[in-house]
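In terms of the working numbering, the sequence shown opens at residue 87 and continues consecutively.
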Amino acid sequence: MTTAQAPVYPADVYSDDALHDPYPHYRAIRDLGPAVWLPEHGAYAVGRYADARAVLLDGETFRSAHGIALNEPANDAILGCTLASDGERHAHLRRVVAHRLTARSLAPIREAVTAGADALVDELVARGSFDAVTDLAQALPLSVVPDFIGWPREGREHLLRWAAANFDSFGPMNARTERALPQCGEMAAYGSELVRTGNVLPGSLGAGVLESRDRGDIDTEQAMMLMLDYLAPSLDTTISAVGSAIWLFGNHPEQWDRVRADPRLVAGAANEVVRLEAPVRAFGRITVRDTEIGGVPIAESSRVLVIYASANRDERRWDRPDEFDVGRPDSAQQLGYGYGEHGCAGQALARMEIEALLAALARSVTRFELGTPQRALNNVIRAFGSLPVRVLTG
Ligand code: HEM
87 MTTAQAPVYP
97 ADVYSDDALH
107 DPYPHYRAIR
117 DLGPAVWLPE
127 HGAYAVGRYA
137 DARAVLLDGE
147 TFRSAHGIAL
157 NEPANDAILG
167 CTLASDGERH
177 AHLRRVVAHR
187 LTARSLAPIR
197 EAVTAGADAL
207 VDELVARGSF
217 DAVTDLAQAL
227 PLSVVPDFIG
237 WPREGREHLL
247 RWAAANFDSF
257 GPMNARTERA
267 LPQCGEMAAY
277 GSELVRTGNV
287 LPGSLGAGVL
297 ESRDRGDIDT
307 EQAMMLMLDY
317 LAPSLDTTIS
327 AVGSAIWLFG
337 NHPEQWDRVR
347 ADPRLVAGAA
357 NEVVRLEAPV
367 RAFGRITVRD
377 TEIGGVPIAE
387 SSRVLVIYAS
397 ANRDERRWDR
407 PDEFDVGRPD
417 SAQQLGYGYG
427 EHGCAGQALA
437 RMEIEALLAA
447 LARSVTRFEL
457 GTPQRALNNV
467 IRAFGSLPVR
477 VLTG
């Protein structure tokens, strides 16, 4: 592997400080070039929008199997799952499940999600003060997604810990990754047990996976992976987006006024939150042939880190990139849900949850008064662990 022609950025972009405030690092990486060598992580960082999008579109060259994580134990552990597979295997795994998550297939649960969001917001508004992460952002996904996936009730107390560990494990081999890997093992063992025992809720995505296995469409190993493929990325991501939304609207009350005045802005606002505070900072790929990124030669077997959170603030692509603007006309072009064949399979559900909460809040809350937030540092997910808020109404 040669790095001779790529600029070098020597910082550890997974240090605590960098996770607290990654954006100056991302700007420096973008300024250095289209592909920048990170010696701390043994990977090329791709921080500009056009190059990130091009890499995500070229799954033939930039592979996900053995490519997603920045450490080999994690890449070995997830090899072959939807996120970490390529080509026909990947397309097949997506076909088995993803049709359940299109906007049209989700129509029957829209009412329940909306009712859940309305009831939750009514209760919290009546309280006046609450934690926007633990009381609001976590509550809706936890009440919607495990039922949708069909996860049995008795295994749910571990879900948040396991889901966070899943994302931590994709980082470089730092202390967060070391702590996370055994917990990912626990989650995988639990998912495998569900496939063995068939202990999933009837009519759920998980039940559909078992039916596909029984029909012979997939084998038992694929069923075990699919049991986790949709649950693992479904919680922390949405929780991150909702927490960031409250934080952004608390700091930009004039943007909240715009949403309240015109609820048609809710969908654009949800995109703008994911653009500005991308819940998933970055995932990797591995090259299977010599190639180039924006003219920088990249050798076969190189690791490439696609930084969605940087592409979403690329000044080459966005007008006023660091500004929160709920009326931004092109916020739907953000890469926070990924792009191309691995683009987020659960984004219709995520959007439904985020938009239902924002719409419910817009009906009654006039202002968010923020307390002191605490970041939850995770190798992949940008999130708060706690965000105290007082809401004003009327
Ligand atoms: C705001 C919420 C969410 C964000 C920002 C998000 C972000 C992402 C991103 C960036 C990827 C691309 C991975 C890649 O490029 O390799 C992805 C993939 C994926 N997401 Fe999401 N996600 C969210 C919610 C969800 C939910 C709710 C589910 C499940 C119900 C889900 C399931 C998946 C799956 C299964 C994949 C793998 C797709 C594939 O590899 O083909 N996500 N997500």
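All residues carry an ideal CB built from backbone N, CA and C; glycine is no exception. Keep in mind the model is a prediction, meaning the values are calculated, not measured.
Looking at the backbone, the Cα of S326 and that of E146 are separated by about 31 Å.
DSSP, read as helix, strand or coil, puts L443 in helix. F454 sits in a strand when the DSSP states are folded into three classes. Within the chosen limit of 8 Å, the ligand HEM reaches the beta carbon of G422 through at least one heavy atom.
For P108, no alpha helix (DSSP H) segment is defined, and its DSSP state is neither H nor E. By alpha-carbon distance to A198, the top candidate from A170, R186, M311 and V231 is V231. Just measuring C-alpha positions, the residue of F470, A318 and E272 sitting nearest A249 is A318. Its chain contains H244 and W248 as the residues whose beta carbon lies nearer than 8 Å to that of E272, once the 5 sequence neighbours on both sides are disregarded; these appear in chain order.
Residues of the same chain with a CB within less than 6 Å of the CB of D315, apart from the 5 flanking positions on each side, are C167 and T168 in chain order. By the Cβ criterion, the region 403-415 is not in contact with the region 375-386, since fewer than three pairs of Cβ atoms, one from each stretch, lie closer than 8 Å. Taking all protein chains shown into account, H106 has fewer than 16 neighbouring C-beta atoms within 10 Å of its C-beta and is therefore exposed. Residue state for W123 is assigned as strand, using DSSP reduced to three classes. According to the DSSP assignment, Q460 belongs to the beta strand (DSSP E) that extends over Q460 to L463. In the DSSP assignment, L478 falls outside any alpha helix (DSSP H) and lies within the beta strand (DSSP E) extending over P474 to T479. A contact is defined here as three or more CB-CB pairs under 8 Å, and the region 112-125 meets this definition with respect to the region 91-101. At least 9 Å separates the beta-carbon of V392 from that of G422.
The DSSP-derived three-state label of G471 is strand. Fully enclosed beta strand (DSSP E) runs of no fewer than 3 residues occupy 122-124 and 129-132 of the region 118-171, in order along the chain. Contact annotation: S396 and Y100 have beta-carbon atoms that are not nearer than 9 Å. H428 is positioned such that its CB atom lies closer than 9 Å to that of L142.
Distance between D144 and D172, taken at the CA atoms: about 11 Å.
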